[in-house]
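Participant:
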Amino acid sequence: MGGSESTANSDRLAMDEAFWRDVGSHYERADGIINLEHGYWGKMARPVLERYIAATQMVNKQLSVYARKHYGRDMAESVERVAGALNVSADEIVLTRNATESIQNLIRQYQGLTADDTVLFADIDYPSFQQTMQWLADTEGTTAVVVNLPGRASQQMIFDAYISAFDANPNLKLILLTHVSNQHGLVVPVARIAAEARTRGIDVICDNAQSWGLLDYTMPELQVDWAGFNLHKWIGAPVGVGALYMRRGTLEKVLPYPGETDHDNTRIGARVHTATSNFAAILAVPAALDFHESVGGANKEARLRYLRGLWTTEADTLPHIEVLGGADETSWTGMASFRLRGQSSPAEVRALQQRLEQEYGIFTVARYELSSGACIRVTPQVFTTPDELAQLVAALKTLQ
Ligand SMILES: Cc1ncc(COP(=O)(O)O)c(C=O)c1O
Numbered sequence: 001m002g003g004s005e006s007t008a009n010s011d012r013l014a015m016d017e018a019f020w021r022d023v024g025s026h027y028e029r030a031d032g033i034i035n036l037e038h039g040y041w042g043k044m045a046r047p048v049l050e051r052y053i054a055a056t057q058m059v060n061k062q063l064s065v066y067a068r069k070h071y072g073r074d075m076a077e078s079v080e081r082v083a084g085a086l087n088v089s090a091d092e093i094v095l096t097r098n099a100t101e102s103i104q105n106l107i108r109q110y111q112g113l114t115a116d117d118t119v120l121f122a123d124i125d126y127p128s129f130q131q132t133m134q135w136l137a138d139t140e141g142t143t144a145v146v147v148n149l150p151g152r153a154s155q156q157m158i159f160d161a162y163i164s165a166f167d168a169n170p171n172l173k174l175i176l177l178t179h180v181s182n183q184h185g186l187v188v189p190v191a192r193i194a195a196e197a198r199t200r201g202i203d204v205i206c207d208n209a210q211s212w213g214l215l216d217y218t219m220p221e222l223q224v225d226w227a228g229f230n231l232h233k234w235i236g237a238p239v240g241v242g243a244l245y246m247r248r249g250t251l252e253k254v255l256p257y258p259g260e261t262d263h264d265n266t267r268i269g270a271r272v273h274t275a276t277s278n279f280a281a282i283l284a285v286p287a288a289l290d291f292h293e294s295v296g297g298a299n300k301e302a303r304l305r306y307l308r309g310l311w312t313t314e315a316d317t318l319p320h321i322e323v324l325g326g327a328d329e330t331s332w333t334g335m336a337s338f339r340l341r342g343q344s345s346p347a348e349v350r351a352l353q354q355r356l357e358q359e360y361g362i363f364t365v366a367r368y369e370l371s372s373g374a375c376i377r378v379t380p381q382v383f384t385t386p387d388e389l390a391q392l393v394a395a396l397k398t399l400q
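Structure below.
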């Protein structure tokens with residue numbers, strides 16, 4: 001498979017069906033329905049699944065003898081691999097169960113708000129994190145500001161929306177930024193917004209749950225101090241592996257997990273208390289990163305963007321369909337959403353999702369949180385074929 005990539009090579013390879021058939025042959029396919037809902041979690045490729053099964057058998061056989069004597073060393077290797085792939089240091093990463101554990105700990109343990117401060121989140125953020133940000137504001141007696149973005153937005157439009165919210169709220173202290181929205185795959189220009197936030201003394205918590213592996217990047221490019229990930233979406237690890245990143249020297253503002261101590265604020269591990277976890281899932285992380293890297297992160301991003309373009313380009317020509325997500329190429333990912341024009345109520349979109357499933361055999365998911373209204377999210381995977389997307393396009397043409 002792939003290996004080293006340049007953007008031009010990746011864009012060329014994105015259309016190489018033989019290459020992607022080979023990649024797809026490493027996954028077990030399910031018959032019966034066209035699954036275009038791969039934003040929930042990622043299928044493990046066969047080598048990852050095999051490693052996971054073998055690790056489960058080994059852990060189940062060796063039990064506490066393994067866990068107490070050897071697991072620490074193996075987990076450290078997984079941490080090293082995650083840190084390496086993100087181009088950060090191992091002491092800036094702690095493994096968690098999912099992105100939710102990582103981000104919620106950051107929000108809940110964030111220190112230093114006073115009643116005069118303001119926190120900010122956006123309609124495109126993950127719904128439960130919006131709620132946790134609102135909870136933080138309510139608990140601290142501060143104000144929460146919500147940025148509402150248009151259903152289709154360019155990098156400049158998104159940047160401008162955040163900057164005008166910064167200007168309008170001089171007491172902003174903490175913001176949540178989502179690198180890729182779970183609603184419609186919109187890419188937020190995190191680095192530009194974070195750079196502006198830094199000059200204004202605003203702290204940033206970055207949600208990278210949907211972006212790592214869907215987009216090809218490393219942490220230093222984003223210029224944020226704190227971020228939460230999972231590895232069970234686009235990195236293809238078993239369900240139950242997340243990561244928390246905190247840049248060295250930035251731990252002071254986020255308290256240790258209740259009851260943990262870290263007097264000189266150097267131990268990121270003190271920010272979570274995961275306790276007994278899925279040992280085998282963590283043991284399979286190197287295999288997941290090996291497979292991801294063998295396909296090539298840039299190749300995967302380019303292929304998923306290409307697959308998305310196969311349906312959004314056609315859908316854009318249909319007057320009865322409204323496509324949601326990026327208004328320029330940089331703002332797109334492989335994931336995007338749509339609805340029937342003028343039909344944005346939850347009930348209308350729920351009915352549309354059902355029709356797609358029952359009449360056309362295409363599985364998608366309805367998303368309800370955008371301020372512009374509900375939508376159907378469409379998420380291909382690396383093993384999705386152009387023919388499957390052609391069937392979606394055929395369905396879109398007849399939906400009225
Ligand atoms: C943008 C975003 N944030 C956070 C999450 C939560 O991730 P996890 O289930 O790993 O906690 C998701 C999952 O769909 C997501 O899409």
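Just so you know, the numbering used here puts 41 at position 41 of the sequence shown, and the rest follows in order with no gaps. The C-beta atom is built at its ideal place from N, Cα and C for all residues, glycine as well.
1. Here's a check: name, in chain order, each residue in its chain whose Cβ is nearer than 7 Å to the Cβ of Y71, leaving out the five neighbours to either side.
2. Anyone know if the C-beta pair for G242 and S102 falls short of 8 Å?
3. Quick one, which of E92, L215, A209, E221 has its alpha-carbon nearest F229's?
4. Restricting to Cα atoms, I'd like to know which of T100, L352, D116 is closest to G361.
5. Could you check whether the Cβ of D123 sits closer than 7 Å to any heavy atom belonging to ligand 1?
6. Looking at C-alpha atoms only, which residue of I53, T250, T276 is the closest neighbour of R267?
7. Across the stretch 139 to 149 and the stretch 195 to 204, are there enough close Cβ pairs to call them in contact, namely three or more that are closer than 8 Å?
8. Whose C-beta lies closer than 6 Å to the C-beta of D316 among residues of the same chain, with five residues either side of it excluded?
9. Spatial neighbours of A165 within its chain, please: C-beta separation below 7 Å, excluding the five flanking residues on both sides.
10. What do you reckon, is the C-beta of N148 under 7 Å from a heavy atom of ligand 1?
11. From A122 to Q130, what does the alpha carbon distance come to, in whole angstroms?
12. Would you mind listing the alpha helix (DSSP H) stretches within the stretch 117 to 168 that are 4+ residues and don't spill past its ends, in chain order?
13. Quick one: what does DSSP say D207 is sitting in, helix, strand or coil?
14. Go through its chain and collect everything with a Cβ distance to V48's Cβ below 8 Å, but skip five positions before and after it.
15. So, at 7 Å on beta carbons, what are the nonlocal neighbours of A395 in its own chain, with the 5 sequence-adjacent residues on each side left out?
16. Give me the Cα-Cα distance between Y66 and V59, rounded to the nearest whole angstrom.
17. For T312, does the three-state DSSP call read helix, strand or coil?
18. Does the Cβ of A55 lie closer than 7 Å to at least one heavy atom of ligand 1?
Facilitator: According to the structure shown:
1. Here the set comprises F279.
2. In terms of Cβ geometry, G242 and S102 form a close pair [threshold 8 Å].
3. It is A209.
4. The candidate whose alpha carbon is nearest that of G361 is L352.
5. Incorrect: D123 has no Cβ contact closer than 7 Å to ligand 1.
6. Selected option, being the one with the closest Cα: T250.
7. At 8 Å Cβ cutoff, the stretches do not touch.
8. Only V323 meet the Cβ criterion.
9. Spatial neighbours of A165 in its own chain (CB-CB distance under 7 Å, excluding positions within 5 residues in sequence) are listed in chain order as L120, V145, V147.
10. Answer for N148: no, Cβ out of range of ligand 1.
11. Going by C-alpha positions, A122 is about 8 Å away from Q130.
12. As far as the stretch 117 to 168 is concerned, its whole alpha helix (DSSP H) runs of at least 4 residues are 127 to 140, 155 to 168.
13. In this structure, DSSP gives D207 an extended state, which the three-state scheme calls strand.
14. Taking C-beta separations shorter than 8 Å and ignoring five residues to either side along the sequence, the partners of V48 in its chain run G236, A237, P238, A284, A287, A288, F291, following chain order.
15. Excluding sequence positions up to five before and after A395, its CB lies within less than 7 Å of the CB of L356, Y360, I362, all in the same chain and listed in chain order.
16. Within the model, the alpha-carbon separation for Y66 versus V59 is close to 7 Å.
17. In the three-state reduction of the DSSP assignment, T312 falls in the helix class.
18. No, ligand 1 has no heavy atom inside 7 Å of this Cβ.
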